[in-house]
Amino acid sequence: MADEEKTQQQSKGDSRAVARDEDLQPTWTDKDGNVHRKRILTGDRTTGKLHLGHYVGSLKNRVRLQREYDTFVLMADVQALTTHWENPKILKESVREVALDYLAVGIDPYTGGVDDGTKTKIVIQSAVPAIAELTCLYGLFTPMSIILDNPTTNAEAMQHGMLGVGDDLEDDQFEGSGYVSPALSELYKLMTGQFPELGAVSIQQVRIAGVKIRQSNDVSAREELRKYGFDPLNPSYRPFIESKRLQRFMLEELKRQKKTSGIRQMNYGFLGYPVSQAADITFVNAHLVPVGEDQVPHIELTRDIVQRFNKQYGKRKRILVEPQALVGKGGTLKGIDGNAKMSKSLGNAIYLSDSPDEMWKKIKPAPTDPQRVRNDDPGRPEVCNIFSYHQVFSEGNEAGINEGELGVATVEEVAGNCRGAKWGCVECKQQLHKKITALTDPMRERRQYWEQHPDDMIDILKLGTQRGIEEGEKTLERVKDAMSVRYWD
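So the number in this note's numbering is just where the residue sits in the sequence shown, counting from 1, plus 36.
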């Protein structure tokens, strides 16, 4: 399926959630004819150093976008606490590391004076009071249903072990659906033994449950037993427990139970963070939010909150801007081990701050084509994760370098040398190592500069955050006026 079709499907609930070409004009004109740069809000949770996956997925794009748009980058330390609340000490160091990474990749920071929208404001989330207040106010009219039905929220809850159950079985795997009586579902639980809280189940328990149904006034349950030829005195019940209708019903019941249990175990901050994210976006009235395709539902949810607010309190005025998702083309970079995406928690990340030696220690043992045992065996680059890195870090791609200037093979040459067994996997990895270090060498130099000038970096964070505070106060004032909760100037 084409990327455009995927995006249209994902955002079918709000056809304007994803920015179109005509929405990407970098300026807008106010009612007095003044031209302004459109605003972008982007950022990261401050849970540790940033890696190549962050660079490919978002950082590279931010550096480009800041040249055209008025950019705010939010260091989401409060959001980091929703999953790291037991270990808050990591936040201070993480804020420092992420700030160094931002400056290392080429973020051009605001350093004071008149803000004409040409410099990027780096803002620390917890230092902006308006974000917390807006979160509280938005929560007053945001229905729980749009939070609980948000697929991205559910996926992230599962990732952090807060739900523990997924929709891995599709509806069309089951024929039929409908109501199943409590008595029948209890009998099904007994016979399948899938609920540990029931303990070991004896034939006698099954017989008693079956007899109760036979003697009850539950006509539908009695008919179900008759349909499957279930005799409680001689319970040969395979046809009954293999009923697709019952399987589907019990699966959905299990999901409901586990999801309800998971929600009860969630901290309030995690459950409500989509509302907090809406406050993150709207405190500067951002027009565009660069995200991956999997994050579009969050932008839809923010737009829903904004639309509800403007309709209820706007009195025909657009108080809050309806943001749009700017879906990047960078995609997701797999971990160096070839599994899932690059992630600190999975231990498969190459960090932007890694030295060339540290990078080589991670690249050298990385798996390649499992069928290529010897160097003279022809390789299959299409199944090799190292080759997928060559595709990303080659000229003309999102994070590409100039092979001619570097004196390394192009992606076409890499593929040819692999298929023709002209190279072994080590040679291929050495070429990749050269490409990645060529990309990150300038980053390390910039990082080293800011490490040696920590006070200057702190000033950048203070000045960017102050601009965030100022913009947040303006938005909060308009929101409070609209909601009639401002009582004096």
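Heads up, the beta-carbon is just placed ideally off N, CA and C, and yes, glycines get one too. Quick caveat, the model's predicted, so the values are computed rather than measured.
With DSSP as the reference, please indicate the residues paired to Asp106 in a beta bridge. For the purposes of this step, residue 106 is taken as residue 70 along the sequence shown, with counting starting at 1. DSSP output for Asp106 lists Arg75 as bridge partner(s).
When you compare the CB positions of Lys377 and Thr368, do they come within less than 7 Å of one another, or not? As a position in the sequence shown, residue 377 is number 341, starting the count at 1. As a position in the sequence shown, residue 368 is number 332, starting the count at 1. Taking 7 Å as the cut-off, the Cβ atoms of Lys377 and Thr368 count as close.
Buried versus exposed call for Tyr523 [16 or more other C-beta atoms within 10 Å across all chains shown]: Within the sequence shown, numbered from 1, the residue matching residue 523 stands at position 487. Residue burial is scored here from C-beta neighbours: Tyr523 has fewer than 16 other C-beta atoms within 10 angstroms and is therefore classed as exposed.
Report the rounded CA-to-CA distance for Asn303 versus Gly364, giving the unit in angstroms. Counting from 1 along the sequence shown, the entry for residue 303 is found at position 267. Counting from 1 along the sequence shown, the entry for residue 364 is found at position 328. Straight-line Cα distance between these residues: approximately 31 Å.
Looking at Leu475: is its Cβ nearer than 7 Å to the Cβ of His426? Counting from one through the sequence shown, the residue named residue 475 turns up at place 439. Counting from one through the sequence shown, the residue named residue 426 turns up at place 390. Cβ distance not < 7 Å, so Leu475 and His426 don't count as in contact.
Can you give the Cα-Cα distance for Ile542 and Lys465, rounded to whole angstroms? Only positions 37 to 525 of the chain appear in the structure, and residue 542 is not among them; the question remains open.
Span of the beta strand (DSSP E), counted from its first residue to its last, around Ala376: As a first step, residue 376 must be located in the sequence shown, where it is residue number 340. Boundaries cannot be given for Ala376, as no beta strand (DSSP E) includes it and DSSP labels it neither H nor E.
Limits of the unbroken alpha helix (DSSP H) element including Pro401: If you number the sequence shown from 1, residue 401 lands on position 365. In the DSSP assignment, Pro401 falls outside any alpha helix (DSSP H), carrying neither H nor E.
Could you have a look at Ile158 and say whether DSSP puts it in helix, strand or coil? If you number the sequence shown from 1, residue 158 lands on position 122. DSSP, reduced to helix, strand and coil, places Ile158 within a strand of the structure shown.
Could you please give me the residues that DSSP links to Met111 through a beta bridge? Residue numbering aside, residue 111 sits at position 75 when the sequence shown is read from its first letter. Asp80 and Ile160.
Can you name, in chain order, every residue of its own chain whose Cβ lies under 7 Å from the Cβ of Met395, other than the five neighbours on each side? Position 359 of the sequence shown, counted from the start, is the residue given in the question as residue 395. Excluding positions up to five away in sequence, the list reads Ile386, His469, Ile472 and Thr473.
For Tyr174 and Arg344, the rounded distance between their alpha carbons: What you label residue 344 is simply residue 308 of the sequence shown in a count that begins at 1. What you label residue 174 is simply residue 138 of the sequence shown in a count that begins at 1. Approximately 10 Å between the Cα atoms of the pair.
Reference Ile505; option with closest CA among Asp59, Ser162 and Glu122: Taking the first residue of the sequence shown as position 1, residue 505 is located at position 469. Minimum Cα distance to Ile505 is reached at Ser162.
For Gly84, which residues from the same chain have a beta carbon less than 6 Å from its beta carbon, with the 5 sequence-adjacent residues on both sides left out? The count along the sequence shown starts at 1 and reaches residue 84 at position 48. Excluding its 5 nearest sequence neighbours in each direction, Gly84 has C-beta neighbours in its own chain below 6 Å: Ser130 and Lys380, listed in chain order.
Does the beta-carbon distance from Pro326 to Asn97 come in below 7 Å? Counting from one through the sequence shown, the residue named residue 326 turns up at place 290. Counting from one through the sequence shown, the residue named residue 97 turns up at place 61. In this structure, Asn97 lies closer than 7 Å to Pro326 by Cβ.
For Thr118, the residue or residues it bridges with in DSSP: Residue 118 sits at position 82 when you count from the first residue of the sequence shown. In the DSSP output, where bridge partners are listed per residue, Thr118 has none listed.
Nearest residue (CA-CA) to Gly500, options Lys67, Val150, Arg258 and Asn70: Within the sequence shown, the letter at position 464 stands for residue 500. Gly500 has its Cα closest to that of Val150, out of Lys67, Val150, Arg258 and Asn70.
Give me the Cα-Cα distance between Asp517 and Thr118, rounded to the nearest whole angstrom. Your numbering for residue 517 matches position 481 in the sequence shown. Your numbering for residue 118 matches position 82 in the sequence shown. Cα-Cα distance, rounded: 30 Å.
Of all the options Cys461, Val450, Glu358 and Val357, which has the alpha carbon lying nearest to the alpha carbon of Pro403? In the sequence shown, the residue the question calls residue 403 occupies position 367. Comparing Cα-Cα distances from Pro403 to each of Cys461, Val450, Glu358 and Val357, the minimum goes to Cys461.
Of the residues Leu127, Ile126 and Gly79, the one placed nearest Met111, counting alpha carbons only: On the sequence shown, residue 111 is found 75 positions in, with the first residue counted as 1. Ranking Leu127, Ile126 and Gly79 by Cα distance to Met111 puts Gly79 first.
Pair within 7 Å by beta-carbon distance, Pro145 and Tyr105: Residue mapping note: residue 145 aligns to position 109 of the sequence shown, counting from 1. Residue mapping note: residue 105 aligns to position 69 of the sequence shown, counting from 1. Not a contact, by the Cβ cut-off of 7 Å.
Tell me whether Val327 sits in a helix, a strand or coil according to DSSP, three-state version. Locating residue 327 in the sequence shown gives position 291, counting from the first residue. In this structure, Val327 counts as strand in the three-state DSSP scheme.
To which residues of the same chain is Lys121 closer than 8 Å at the C-beta, ignoring the five residues directly before and after it? For the purposes of this step, residue 121 is taken as the residue at position 85 of the sequence shown. Reading off the sequence, residue 121 comes out as Trp, not Lys. Apart from sequence neighbours up to five positions away, the residues of its chain that approach Trp121 with a beta-carbon distance below 8 Å are Asn303 and Gly305, ordered along the chain.
Please confirm if the region 410 to 421 is in contact with the region 443 to 456, defined as three or more CB-CB distances below 8 Å between the two stretches. Flag = yes, the region 410 to 421 and the region 443 to 456 touch.
Nearer than 6 Å: is that true of the beta carbon of Ile317 relative to any heavy atom of the ligand ADP? Because no ligand of any kind appears in the structure shown, any question about the ligand ADP cannot be addressed here.
Considering only C-alpha positions, which residue in the set Gly374, Asp393, Glu513 and Glu169 is nearest to Asp405? Within the sequence shown, residue 405 is the residue found at index 369, counting from 1. Closest option to Asp405, Cα to Cα, is Gly374.
List, from N- to C-terminal side, the alpha helix (DSSP H) runs of 4 residues or more that fit wholly inside the region 450 to 503. When DSSP assignments are scanned along the region 450 to 503, the uninterrupted stretches of alpha helix (DSSP H) that are 4 or more residues long and fall wholly within it turn out to be 461 to 487.
Does the Cβ-Cβ distance between Ala55 and Arg483 come in under 7 Å? By 1-based counting over the sequence shown, the position of residue 55 is 19. By 1-based counting over the sequence shown, the position of residue 483 is 447. No, the pair does not count as a contact, with Cβ atoms beyond the cut-off.
Of the listed residues Arg132, Ser391 and Arg103, nearest to Asp526 (C-alpha basis): Residue 526 is absent from the model: the chain starts at 37 and stops at 525.
Comparing alpha-carbon positions, which option in Val99, Gln102 and Val109 lies nearest Thr82? The count along the sequence shown starts at 1 and reaches residue 82 at position 46. Closest by alpha carbon: Val109.
Residues bridged to Tyr387 [DSSP beta-bridge criterion]: As a first step, residue 387 must be located in the sequence shown, where it is residue number 351. Tyr387 has His87 as its beta-bridge partners, per DSSP.
From this set, Gly93, Leu86 and Thr65, which residue's C-alpha is nearest Glu329's C-alpha? Here residue 329 refers to the residue found at position 293 of the sequence shown. Taking the Cα of Glu329 as reference, the smallest distance to any Cα among Gly93, Leu86 and Thr65 is reached at Gly93.
For Cys172, count neighbouring C-beta atoms within 10 Å of its own C-beta (all shown protein chains included) and say buried if the count is 16 or more, exposed if not. To locate residue 172, count along the sequence shown from 1; it is residue 136. That one is exposed.
What ranges does the alpha helix (DSSP H) occupy inside the region 304 to 364, keeping only unbroken runs of at least 4 residues that lie completely in it? With a minimum length of 4 residues, the unbroken runs of alpha helix (DSSP H) contained wholly in the region 304 to 364 fall at 304 to 307, 309 to 318 and 332 to 349.
Pairwise C-alpha distance: Glu481 and Val320: Within the sequence shown, residue 320 is the residue found at index 284, counting from 1. Within the sequence shown, residue 481 is the residue found at index 445, counting from 1. Near 32 Å, if we compare the C-alpha coordinates of Glu481 and Val320.
Residue nearest to Asp57 in terms of C-alpha spacing, selected from Phe429, Cys420 and Leu362: On the sequence shown, position 21 is the one that residue 57 refers to. With distances taken between Cα atoms, Asp57 lies closest to Leu362.
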